[in-house]
Amino acid sequence: MTATPAITPSTGAAFARILGVGGYRPVRVIPNSEVLNWIDSSDEWIRTRSGITERRWAGPDETVAEMSVQAAAKAIAQSGIAPEQIGGVIVATVSHLKQTPAIATEIAQRLGCGTAPAFDISAACAGFGYGLSLADGMVRSGSAEYVVVIGVERLSDLTDVTDRSTAFIFGDGAGAVVVGPSETPGIGKVIWGSDGAQKEVISQTQAWDTAFAKPDAVNGTGDEVKWPALRMEGQAVFRWAVYEMAKAAQRALDAAGITADQLGAFIPHQANMRIIDAMIKTLKLPESVPVARDIAETGNTSAASIPLAMERMLQSGEAKSGDLALIIGFGAGLVYAAAVVTLP
Numbered sequence: 003m004t005a006t007p008a009i010t011p012s013t014g015a016a017f018a019r020i021l022g023v024g025g026y027r028p029v030r031v032i033p034n035s036e037v038l039n040w041i042d043s044s045d046e047w048i049r050t051r052s053g054i055t056e057r058r059w060a061g062p063d064e065t066v067a068e069m070s071v072q073a074a075a076k077a078i079a080q081s082g083i084a085p086e087q088i089g090g091v092i093v094a095t096v097s098h099l100k101q102t103p104a105i106a107t108e109i110a111q112r113l114g115c116g117t118a119p120a121f122d123i124s125a126a127c128a129g130f131g132y133g134l135s136l137a138d139g140m141v142r143s144g145s146a147e148y149v150v151v152i153g154v155e156r157l158s159d160l161t162d163v164t165d166r167s168t169a170f171i172f173g174d175g176a177g178a179v180v181v182g183p184s185e186t187p188g189i190g191k192v193i194w195g196s197d198g199a200q201k202e203v204i205s206q207t208q209a210w211d212t213a214f215a216k217p218d219a220v221n222g223t224g225d226e227v228k229w230p231a232l233r234m235e236g237q238a239v240f241r242w243a244v245y246e247m248a249k250a251a252q253r254a255l256d257a258a259g260i261t262a263d264q265l266g267a268f269i270p271h272q273a274n275m276r277i278i279d280a281m282i283k284t285l286k287l288p289e290s291v292p293v294a295r296d297i298a299e300t301g302n303t304s305a306a307s308i309p310l311a312m313e314r315m316l317q318s319g320e321a322k323s324g325d326l327a328l329i330i331g332f333g334a335g336l337v338y339a340a341a342v343v344t345l346p
């Protein structure tokens, strides 16, 4: 009997790490005073509830693709490699409104990445963490030497400015990193998961086919077509994020063999300042560990929030290259992803 031939195993780098980071923030600034034109509220109420003072909204030319290209080009330049060396482009987004083709293919072409595989993933605010886990595996398996991971959102397209509970929360922007080979571990085990039983806690108000269905010709209702928007049960999200996500963050620390006092930065998803403060308390994070608070000027940018906050912390000097950072993203699904990484 002839033996079944053995498949040659794929081999890659022993370890992977983030080599460069870049971000893009839209030009237009939306201060709380402008939001007050849409909803019955106050600047104090918005700041107290979320910690947000302003957010960035994209203009017509600041598309999902354009913001991604700008952010990724900066990350590639910082990593010191050429675009044609990129072996994969992963784009995490929920606000690219065209079903197909994946926006990643256009971004890869514009970046000059040749025929690199490119694809989108939809994991909401955990999308960057999901993409980072995939990139880490690609580099270590040998399917790519360098991978670009982009988190990008135009959530202003999905914001109902009349909804008092969400009109002030969301912002636009893009953040990107390059993941490549490393001689030492630079990305800890990604602790990720989902809880579909709570899928309605953060969701789109209605499906696209429902939103654009023709009015019923029989009953003649002629209901106005309303653009789908994001909705959120704030208290439910707060409780879940504070208690369950603190557990996931601790698991990431444990999996990496790192204690909280060894961190150089804590970079959580920029969802809400109160959630961030509560997670710090639950994790018993030392006061010496800098914490990302990019939400104050950027708002909640979903998949883009962690790389944008990472870039800001490095640029401001709050965190340094080589520092260990705990990152965690969580959002609609409900989904989450947490890991300890070495900063580029």
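285 is the number that this note's numbering gives to position 283 of the sequence shown; each next residue is one higher, with no gaps.
From the three backbone atoms N, C-alpha and C, an ideal C-beta is built for every residue, glycine too.
Quick caveat: nothing in here was measured; it's all calculated off a predicted structure.
- If you look at Gln206, you'll find it in the beta strand (DSSP E) that goes 204 to 206.
- Note that the stretch 152 to 166 touches the stretch 97 to 107; at least 3 beta-carbon pairs, one per stretch, sit closer than 8 Å.
- Arg295 carries a coil assignment under DSSP once its states are collapsed to helix, strand and coil.
- In the three-state scheme derived from DSSP, where H, G and I count as helix and E and B as strand, Trp229 is classed as coil.
- Its chain contains Ala262, Asp263, Leu265, Gly266, Ala267, Phe268 as the residues whose beta carbon lies nearer than 8 Å to that of Val291, once the 5 sequence neighbours on both sides are disregarded; these appear in chain order.
- Pairing Pro62 with Lys283, the inter-Cα distance amounts to about 41 Å.
- A check of alpha carbon separations from Ala298 across Gly173, Ala178, Cys127, Leu136 identifies Gly173 as the nearest.
- Non-local beta-carbon contacts of Arg112 in its own chain, meaning distances under 6 Å to residues more than five positions away in sequence, involve Val71 in chain order.
- Given a length threshold of 4 residues, each whole run of the alpha helix (DSSP H) inside the stretch 272 to 339 is given here in chain order: 275 to 285, 297 to 300, 307 to 318.
- Counting C-beta atoms within 10 angstroms of its own C-beta, Gly319 has fewer than 16 neighbours from the protein chains shown and is therefore classed as exposed.
- DSSP places Leu21 within a strand segment (E or B) once states are collapsed to three.
- His271 and Val66 have their C-alpha atoms spaced approximately 19 Å apart.
- The beta carbon of Gln200 is closer than 6 Å to those of Leu336 in its chain, skipping five residues each way along the sequence.
- Arg51: member of the alpha helix (DSSP H) spanning 45 to 52, first to last residue.
- The three-state reading of DSSP puts Phe214 in coil, since its state is none of H, G, I, E or B.
- For Asp138, the closest alpha carbon among the candidates Thr107, Phe121, Pro187, Gln101 is that of Pro187.
- With distances taken between CA atoms, Leu134 lies nearest to Val149 out of Val149, Thr50, Ala120.
- Under the three-pair Cβ rule at 8 Å, the stretch 304 to 312 counts as touching the stretch 15 to 25.
- Shown here, Ser81 sits in a helix according to DSSP, grouped into three states.
- Taking Ser167 as reference, the option from Val203, Gly177, Ser196, Gly195 with the minimal CA-CA separation is Val203.
- If you look at Glu86, you'll find it isn't in any alpha helix (DSSP H); DSSP assigns it neither H nor E.
- When rounded, the separation of the alpha-carbon atoms in Pro183 and Val141 is 6 Å.
- Residue environment analysis places Gln317 among the exposed positions, since fewer than 16 neighbouring C-beta atoms fall within 10 angstroms of its C-beta.
- In this structure, the CA atom of Glu68 is about 53 Å from the CA atom of Ala5.
- DSSP links Ile123 through a beta bridge to Ala94.
- Boundaries of the beta strand (DSSP E) around Arg57: 56 to 59.
- The alpha-carbon of Gly153 is positioned some 5 Å away from that of Ala305.
- Within the DSSP bridge table, the entry for Tyr148 names Ile88 as partners.
- Ranked by how close their Cα comes to the Cα of Gly82, the residues Val37, Val181, Ala146, Asp279 have Val181 in first place.
- In this chain, Val192 is not harboured by any alpha helix (DSSP H), its DSSP state being neither H nor E.
- Around the beta carbon of Asn34, 16 or more other beta carbons lie within 10 angstroms, which makes this residue buried.
- In the three-state reduction of the DSSP assignment, Val180 falls in the strand class, which pools E and B.
- The Cβ-Cβ distance between Arg58 and Thr212 does not fall below 8 Å.
- Going by DSSP, Val31 is part of the beta strand (DSSP E) stretching over 30 to 33.
- Inter-residue distance for Phe170 and Thr13 is about 47 Å (C-alpha atoms, whole angstroms).
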